[in-house]
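Scroll down for the structure; my scribbles are underneath it.
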Amino acid sequence: APRARPSPRRQTARLARRRLAPRVDGGPAGRRGSGKHSMAGLLFGETNFLEGALVEISGVGCEVEPYFVNVALPPVNVDGECGRCVVWSDEFGRYIVHLFSGPYVLIEKECLRRWAPPAPESGGFDLAWPSAPPGEACAPEEFVQMSVDMLEILEQKGWCVVQLAADEVTRSAALEQARALPDLACPKTELAADFLGIGGTGKTSVIEPGAAGEDEEAIWALSDFDQVLTLLARSLAPHTGERLGFKSRGRRKGVVSVPFSDAAEERRARPESLSEEDIEAGELDAHLEFVRGCRLCLTAWMDAEGGEFVLHPRKDQMPGAGPVRLPLVGGRLLVYRCDVVESFSCTPSSRHAATLTTWILDDELDKQRLSGGHFAGDDLERAEALGILTGPPMPLGHRTHVMAAHCRMPGNVSNTDHFLKLFSCGCDGYHRMPFERWDVGTFCTEPGEPVNPFKSYVTHAAMIDTKELTYFDNDFFGIVEEEAHFVAPGQRLVLQDGYMTLSKAGFTKQSLRGRNMGVYCGDTGSEYQHWDQLKPPTKDVEKALGDRPFGKCEASCYAAPGVMSQITASRLSHCLGMSGGCQSIDTACSASLVGVAVAVQNFRKPEGEQPAACIDKHHQDALCVGISVLLTPMAFVALCGPSMLSPKGRCLTFDTGANGYARGDGFCGGYFKPSSSEEDNSAQLACLTGCAVNQDGRSATLTAPNGMAQQAVIRSSLREAQVVASQITIGECHGTGTALGDPIEVGSVRGVMFKHRENAPITHVTAKAHVGHEEANAGVCGLIKIILMLNAATVTPNPHLKALNAHLDVNGYPVIFNNEPRHTQLTDQVFGVSSFGFGGTNSRAECWADVDKGAGRDGVRTVLSREEALDMVDW
Numbered sequence: 001a002p003r004a005r006p007s008p009r010r011q012t013a014r015l016a017r018r019r020l021a022p023r024v025d026g027g028p029a030g031r032r033g034s035g036k037h038s039m040a041g042l043l044f045g046e047t048n049f050l051e052g053a054l055v056e057i058s059g060v061g062c063e064v065e066p067y068f069v070n071v072a073l074p075p076v077n078v079d080g081e082c083g084r085c086v087v088w089s090d091e092f093g094r095y096i097v098h099l100f101s102g103p104y105v106l107i108e109k110e111c112l113r114r115w116a117p118p119a120p121e122s123g124g125f126d127l128a129w130p131s132a133p134p135g136e137a138c139a140p141e142e143f144v145q146m147s148v149d150m151l152e153i154l155e156q157k158g159w160c161v162v163q164l165a166a167d168e169v170t171r172s173a174a175l176e177q178a179r180a181l182p183d184l185a186c187p188k189t190e191l192a193a194d195f196l197g198i199g200g201t202g203k204t205s206v207i208e209p210g211a212a213g214e215d216e217e218a219i220w221a222l223s224d225f226d227q228v229l230t231l232l233a234r235s236l237a238p239h240t241g242e243r244l245g246f247k248s249r250g251r252r253k254g255v256v257s258v259p260f261s262d263a264a265e266e267r268r269a270r271p272e273s274l275s276e277e278d279i280e281a282g283e284l285d286a287h288l289e290f291v292r293g294c295r296l297c298l299t300a301w302m303d304a305e306g307g308e309f310v311l312h313p314r315k316d317q318m319p320g321a322g323p324v325r326l327p328l329v330g331g332r333l334l335v336y337r338c339d340v341v342e343s344f345s346c347t348p349s350s351r352h353a354a355t356l357t358t359w360i361l362d363d364e365l366d367k368q369r370l371s372g373g374h375f376a377g378d379d380l381e382r383a384e385a386l387g388i389l390t391g392p393p394m395p396l397g398h399r400t401h402v403m404a405a406h407c408r409m410p411g412n413v414s415n416t417d418h419f420l421k422l423f424s425c426g427c428d429g430y431h432r433m434p435f436e437r438w439d440v441g442t443f444c445t446e447p448g449e450p451v452n453p454f455k456s457y458v459t460h461a462a463m464i465d466t467k468e469l470t471y472f473d474n475d476f477f478g479i480v481e482e483e484a485h486f487v488a489p490g491q492r493l494v495l496q497d498g499y500m501t502l503s504k505a506g507f508t509k510q511s512l513r514g515r516n517m518g519v520y521c522g523d524t525g526s527e528y529q530h531w532d533q534l535k536p537p538t539k540d541v542e543k544a545l546g547d548r549p550f551g552k553c554e555a556s557c558y559a560a561p562g563v564m565s566q567i568t569a570s571r572l573s574h575c576l577g578m579s580g581g582c583q584s585i586d587t588a589c590s591a592s593l594v595g596v597a598v599a600v601q602n603f604r605k606p607e608g609e610q611p612a613a614c615i616d617k618h619h620q621d622a623l624c625v626g627i628s629v630l631l632t633p634m635a636f637v638a639l640c641g642p643s644m645l646s647p648k649g650r651c652l653t654f655d656t657g658a659n660g661y662a663r664g665d666g667f668c669g670g671y672f673k674p675s676s677s678e679e680d681n682s683a684q685l686a687c688l689t690g691c692a693v694n695q696d697g698r699s700a701t702l703t704a705p706n707g708m709a710q711q712a713v714i715r716s717s718l719r720e721a722q723v724v725a726s727q728i729t730i731g732e733c734h735g736t737g738t739a740l741g742d743p744i745e746v747g748s749v750r751g752v753m754f755k756h757r758e759n760a761p762i763t764h765v766t767a768k769a770h771v772g773h774e775e776a777n778a779g780v781c782g783l784i785k786i787i788l789m790l791n792a793a794t795v796t797p798n799p800h801l802k803a804l805n806a807h808l809d810v811n812g813y814p815v816i817f818n819n820e821p822r823h824t825q826l827t828d829q830v831f832g833v834s835s836f837g838f839g840g841t842n843s844r845a846e847c848w849a850d851v852d853k854g855a856g857r858d859g860v861r862t863v864l865s866r867e868e869a870l871d872m873v874d875w
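To convert, note that position 388 of the sequence shown is 388 in the UniProt record's numbering; the numbers rise steadily by one, no gaps.
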């Protein structure tokens, strides 16, 4: 539908508005008195020096045209107006004054007098927001000084009111935009007082810090006020530890609050209470933890036509102090200490009001949580929260060891050494779809062409060399040539590279025969179709068919088994003669990592008095693999329909341009062995210390991620690994590069991993940016990647990361998104890998390993010259 034409008022606002939070810059533009504006103190003497002072205007006697605007605005009656005297203009012979009502005006010196605002309780304020000359930037020291002054006031009385320079157009636009937010809703009854105040009514909505992106123009006024909160939070952060006794962990997302639009809406509104499902999902606990961590509240009164804002101090902090009653004035900002103010109430005199609130959190949130006695109850969770559980350098006892790994991946990767080089160099395996797979011109539209619903708009994918799919030594596996013709390429790769994985662990065909080894294969099905493999009938059969116009193709007995995903794992066990359990697992994107979890579960013997089964399903060891092969363009066409694929054919994970995932094919496999022997401890690539699987349950939609379920599976894996979150230094994310999935996943990991990270930030990486979304192969692919990083003490870069996605909730979260390789400086570590299926099956694993490659090998750091480093081809 065509967009409505903006009103003249909105057009004026777009052209004439100035950001409430001016740019901070240390360059020449930030120095007052540059260009045509000079220091007036030299002209009028020290007693008349007004630059930077708060002034009141009187004696002008006429209306004044606003200064420095792009369109004609109505003149301003300035007599009685107050503002900040910014700078003297040599060009006009007058002072430039930034009025608190928004515009700049040129005023003669004789019409200005210094002005001190009344007390906030009487309608005044404590501080005024810094102002810069029109078109220039505020000097950084002005914000530093404002922060210092504010902290002194907060120390003395616990709250501070700041006057902003917000014009009427911006304030009115903020109210309109707040009322137009699509997800405005009444908060839960039990939580309403923390957002609307005691007895408050209305609706709330959350906006992103520094809201930007596609909706920036639609919410420009809200973005201006939100930018003020962000700038103030950043200015206060370095000083809160010394002045207020807490270390800032950053600000939270802003919460917009508006009254009901009319009495009828207020009568219809029926705020809901927290349900049992909400409580079980942890919504109440999360809110209480958030409230206990709040140390400063920043509330911008964006627009108001009067009313009252009442602060109720804590009796233990301010004995004998009564409520503080502040007039509700639009264009002001209230900052108060949450440890001094117990509660508040906000009573606007009309429905023409809107506020934007954020909170600055304490970095010692978990210690505060424990001091209040709020924990689930068992000793392990208490230890986790206190951060006193520190695991040994090498996990001891009966453990699952990763003894060997192998892969065949895009980018001409045929072994794990190649794989590590691909990751470390920040390369990717994407390329234009080769003609050997299909004709791109027939099935795809080129970039810039109109979208065709019957074609794929993607022309790139991460694919292995087609020769790897067609070359197959069927004799080695005892497969006759006729059958080999019908075996899907995915099954061929599992046979060849599955055996390669086992050979790296020291097995031969003879030693594998009869071994109780489990095989677990993540496989979402083959694109190698039955009808593609039908062969013409023999002459005798064709003669018998006569002139029948159909049915002249002969199906083979090998056709169905050749493409069935249920046969993929079974064929490997059959060809190598292994007798352990065998499963093909299809949980979509998490399939292969779920296979690892199932294998680990099947390693465990009966406990206590539990009788053993008549057939022992518990394996000596297991081979866990994942396979994904792209053989038809129809799957691309189908996925382009709901716009699931990235038009660029890349996974732009964590990047602001993330708009879908890119597909990839390949094989990854690992050999897992449960053992407690010293020999296996020495020979292992890594130790699988923990793994877990769960399901989203009833999330928003069948395929929508569930952040709480993702947090639960991560915590479960950490619990099994007997490590605390702060010991996880690197997280291999699922990271598909979708607009919905990445922010939810980062938020989920943040909810678990932010604890006790003063000196140990976590790094987020993902393999999908390098080799595409491997679908059923993604889980083991990520697992092998973290093992390679552990062995080399290397953090690999995130390719295609140019600007961080603004929707990622990383404020106060000590996280690093690498865009270049980095050494961890540690000799042994624990990394984690997540894999989430789009049907809701989530999996997680933790691995420990010591360094056996590179500068940290054997605990010794090797310092190389530039020439030596360039000469090194391999570790």
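Glycine included, every Cβ here is placed at the ideal spot set by N, Cα and C.
C-beta contact flag for V830 and T729 at 9 Å: Walking along the sequence shown from the start, residue 830 turns up at place 830. Walking along the sequence shown from the start, residue 729 turns up at place 729. Less than 9 Å separates the beta-carbon of V830 from that of T729.
Beta bridge counterpart(s) of C582 as assigned by DSSP: To locate residue 582, count along the sequence shown from 1; it is residue 582. BP columns for C582 point to V519.
Continuous alpha helix (DSSP H) stretch holding S716: start and end: Numbered from its first residue, the sequence shown carries residue 716 at position 716. First-last of the alpha helix (DSSP H) with S716: 707 to 721.
Buried or exposed by the 16-neighbour rule on C-beta atoms within 10 Å, applied to D586: Taking the sequence shown and counting its residues from 1, one reaches residue 586 at position 586. When all chains shown are included, D586 counts as buried.
Beta-carbon proximity of F667 to A622, cut-off 9 Å: In the sequence shown, the residue the question calls residue 667 occupies position 667. In the sequence shown, the residue the question calls residue 622 occupies position 622. No, the pair does not count as a contact, with Cβ atoms beyond the cut-off.
Element boundaries [beta strand (DSSP E), containing P313]: As a working mapping, residue 313 is identified with position 313 in the sequence shown. Taken as a continuous stretch (DSSP letters only), the beta strand (DSSP E) holding P313 covers 305 to 313.
Exposed unless 16 or more other CB atoms sit within 10 angstroms - verdict on T357: Sequence index remark: in the sequence shown, residue 357 carries index 357 (1-based). Per the 10 Å Cβ criterion, buried.
Reference T501; option with closest CA among N415, S570, H460, A461: Along the sequence shown, read from residue 1 onward, the residue named residue 501 stands at position 501. Of the listed residues, the one whose Cα sits closest to T501 is N415.
Buried or exposed by the 16-neighbour rule on C-beta atoms within 10 Å, applied to K455: In the sequence shown, counting from the first residue as 1, residue 455 sits at position 455. Flag for K455 reads buried.
Secondary structure of F419, DSSP reduced to three states: The residue given as residue 419 occupies position 419 in the sequence shown. Helix, per DSSP.
DSSP-derived helix/strand/coil call for T568: Here residue 568 refers to the residue found at position 568 when the sequence shown is read from its first residue. Note: T568 maps to helix in three-state DSSP.
Rounded Cβ spacing between S726 and G690 (contact assumed at less than 8 Å): In the sequence shown, the residue the question calls residue 726 occupies position 726. In the sequence shown, the residue the question calls residue 690 occupies position 690. With a Cβ gap of about 15 Å, S726 and G690 do not count as contacting.
Under 9 Å between C-beta atoms of R844 and L593: Numbered from its first residue, the sequence shown carries residue 844 at position 844. Numbered from its first residue, the sequence shown carries residue 593 at position 593. Result yes, Cβ atoms of R844 and L593 sit closer than 9 Å.
Cβ-Cβ separation, A662 to R650 (assumed contact under 8 Å), whole Å: Working through the sequence shown from its first residue, we reach residue 650 at position 650. Working through the sequence shown from its first residue, we reach residue 662 at position 662. About 5 Å; that satisfies the 8 Å criterion.
Reduced DSSP category for Y671 - H, G, I as helix; E, B as strand; rest coil: Residue mapping note: residue 671 aligns to position 671 of the sequence shown, counting from 1. Y671 falls in the strand class under three-state DSSP.
S371 in three-state terms, based on DSSP: Your numbering for residue 371 matches position 371 in the sequence shown. The predicted position of S371 is uncertain, since its pLDDT is 42 and thus under 50; a value taken from the coordinates is nonetheless stated next. In this structure, S371 counts as helix in the three-state DSSP scheme.
4 or more residues per run - each alpha helix (DSSP H) lying fully within the stretch 152 to 184: 168 to 179
Q710, buried or exposed, once every other Cβ within 10 Å from all chains shown has been counted against 16: The residue given as residue 710 occupies position 710 in the sequence shown. It counts as buried.
Close beta carbons around C557, own chain, < 7 Å, minus the five adjacent residues each side: For this step, residue 557 is matched to residue 557 along the sequence shown. Excluding positions up to five away in sequence, the list is empty.
Presumed contact (8 Å Cβ cut-off) between G735 and T766, rounded CB distance: Numbered from 1 along the sequence shown, position 735 holds the residue referred to as residue 735. Numbered from 1 along the sequence shown, position 766 holds the residue referred to as residue 766. Rounded, the Cβ-Cβ distance is 3 Å, consistent with contact.
Three-way DSSP call (helix, strand, coil) for S865 in this model: Residue mapping note: residue 865 aligns to position 865 of the sequence shown, counting from 1. Annotated three-state conformation of S865 is coil, per DSSP.
Nearest-angstrom Cα separation, counted from N818 out to E108: Residue numbering aside, residue 108 sits at position 108 when the sequence shown is read from its first letter. Residue numbering aside, residue 818 sits at position 818 when the sequence shown is read from its first letter. Each residue's Cα considered, the two are about 55 Å apart.
DSSP state of D194 mapped onto helix, strand, coil: Counted from its first residue, the sequence shown places residue 194 at position 194. Note: D194 maps to helix in three-state DSSP.
Backbone secondary structure at L512 - three-state DSSP: As a working note, residue 512 is residue 512 in the sequence shown. The answer is helix: DSSP assigns L512 an H, G or I state.
Distance CB(A462)-CB(V771) smaller than 9 Å: The residue labelled residue 462 in the question sits at position 462 within the sequence shown. The residue labelled residue 771 in the question sits at position 771 within the sequence shown. A distance below 9 Å separates the beta carbons of A462 and V771.
Contacting residues, own chain, Cβ-Cβ under 7 Å from S865 (five flanking each side not counted): In the sequence shown, residue 865 corresponds to position 865, counting from 1. So no residue of the chain qualifies.
Short Cβ contact (9 Å threshold) for G737 with T653: Stepping through the sequence shown from its first residue, residue 737 is reached at position 737. Stepping through the sequence shown from its first residue, residue 653 is reached at position 653. Cβ atoms of G737 and T653: closer than 9 Å.
Residues bridged to H773 (per DSSP): Residue numbering aside, residue 773 sits at position 773 when the sequence shown is read from its first letter. When beta bridges are read from the DSSP output, H773 appears opposite R663.
CB contact flag (E468, L495, <9 Å): The residue given as residue 468 occupies position 468 in the sequence shown. The residue given as residue 495 occupies position 495 in the sequence shown. Against a cut-off of 9 Å, the Cβ pair of L495 and E468 comes out as no contact.
Interface flag, I728 vs chain D, CB-CB below 9 Å: Among the chains of the structure shown, chain D does not appear; only one protein chain is present.
Cβ neighbour criterion (16 or more within 10 Å) applied to Y471: Counted from its first residue, the sequence shown places residue 471 at position 471. Exposed: under 16 other Cβ atoms inside 10 Å.
Cβ separation of G626 and A776, assumed to be a contact under 8 Å, to the nearest whole Å: Start at 1 with the first residue of the sequence shown, and residue 626 comes out as number 626. Start at 1 with the first residue of the sequence shown, and residue 776 comes out as number 776. Contact flag correct, Cβ pair sits at about 5 Å.
Cβ shell of D523 (< 6 Å), same chain only, five flanking positions each side left out: Here residue 523 is taken as the residue at index 523 of the sequence shown, counted from 1. If we look at D523 and ignore the five residues flanking it on each side, its Cβ neighbours are S565, T568, S584, I627, A776.
Residue of I207, G426, R268 minimising C-alpha distance to S257: Counted from its first residue, the sequence shown places residue 257 at position 257. Nearest C-alpha to S257: I207.
Pair within 9 Å by beta-carbon distance, A128 and R84: As a first step, residue 128 is located in the sequence shown; it is residue number 128 there, counting from the start. As a first step, residue 84 is located in the sequence shown; it is residue number 84 there, counting from the start. Yes, these two residues count as a Cβ contact at 9 Å.
Three-state class that DSSP yields for Y104 in the structure shown: Against the sequence shown, residue 104 aligns to sequence position 104. If DSSP states are grouped into helix, strand and coil, Y104 belongs with the strands.
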